[in-house]
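Counting in full-length UniProt numbering, the sequence shown runs from 1 upward without gaps. Even glycine gets a Cβ: it sits at the ideal position worked out from N, Cα and C. Source: prediction; values computed, not measured. Take a look at the structure below.
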Amino acid sequence: SQPLTPHPPCPAASVSRDGASSKVIKLDSVQQIAEKNKHALLDITPSAVERLNYVQYYPVVVFCEPESRPGIKAMRQWLAPDSRKSSRRLYAQANKMKKHCSHLFTATIHLSGSGNSWFQEIQDIVRTQQSQPVWTTAEQADVAVEESLELLNPPSTMGSGYLTCDSHANSDYD
Numbered sequence: 001s002q003p004l005t006p007h008p009p010c011p012a013a014s015v016s017r018d019g020a021s022s023k024v025i026k027l028d029s030v031q032q033i034a035e036k037n038k039h040a041l042l043d044i045t046p047s048a049v050e051r052l053n054y055v056q057y058y059p060v061v062v063f064c065e066p067e068s069r070p071g072i073k074a075m076r077q078w079l080a081p082d083s084r085k086s087s088r089r090l091y092a093q094a095n096k097m098k099k100h101c102s103h104l105f106t107a108t109i110h111l112s113g114s115g116n117s118w119f120q121e122i123q124d125i126v127r128t129q130q131s132q133p134v135w136t137t138a139e140q141a142d143v144a145v146e147e148s149l150e151l152l153n154p155p156s157t158m159g160s161g162y163l164t165c166d167s168h169a170n171s172d173y174d
C-alpha cells in the first residue's frame, strides 16, 4: 500500500460542464490515480459518492463534522481566509448532510479548534479501510470513464447549470 504523507496532493484536473461555471472531475482521473496505488482526495456531493459506489469504486467517505458555527468560521479564516461562504450556511449544510447522508459515510471526524489533528485522523481512517476487504458484485457496472463527478466546493462561484459543484444549490434537503 502507498504510505500517506503530509504533502499536499496534486490536484486532479477539473473541467467545466458544458460551458457552465460549475466544475466536475472525470471518473477517468480518479481511475488513473487509483492505478498508481494512491487515493484521490475529493470534495464531492453525496450524489457523486453514490455514483462512485454504483460504478464500484467504493470510496472511503469521511464526513468532517464541525463543532459549531463559530468553529467553522475560525477554521475557514485559518484554512481559506479568502472564502466568502457564510459560516451559518456551511454549518446548516453540514447538519443536513449529517442528517440525510450519514448512510454514505465510512467514518466521521469531529473538527474542533484550529489544529490539524483531523489530517492524522483521515490518514488513520484510510489506513484502516484500505486494509479491509471490500465486498463487490460479480458483474461490473456498465459506465464510461468519461463520466463525471460533481465537486462539492468549486474553486469559483456557484454555477447556474443543471448540475453544480455546490451541493447546497441543488440540495433536496432545503
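Cα-Cα separation, residue 160 to residue 76: Low local confidence applies: a pLDDT of 32 at residue 160 is under 50, so the model's placement there is unreliable, with the coordinate-based value given in what follows. The alpha-carbon atoms of residue 160 and residue 76 are separated by roughly 25 Å.
Cα-Cα separation, residue 115 to residue 108: 17 Å
What span of residues does the beta strand (DSSP E) with residue 110 cover, start to end? 107-111
Take every Cβ of the region 34-48, pair it with every Cβ of the region 65-80, and state whether three or more of those distances are shorter than 8 Å. no
Grouping DSSP H, G and I as helix and E and B as strand, with all else coil, what is residue 99? helix
Counting only the same chain and skipping the five closest in sequence on each side, list residues whose C-beta sits under 7 Å from that of residue 61. 49, 104, 105, 106
Does residue 117 pass the burial test, meaning 16 or more other C-beta atoms within 10 Å, or should it be called exposed? exposed
Using DSSP bridges, identify the partner residues of residue 63. 108
Residue range of the unbroken beta strand (DSSP E) whose run includes residue 24: 23-26
Selection from 63, 82, 125, 84 that minimises the alpha carbon distance to residue 101: 63
Going by beta carbon distance, what residues of the same chain come within less than 8 Å of residue 34, once the five residues before and after it are set aside? 40, 57
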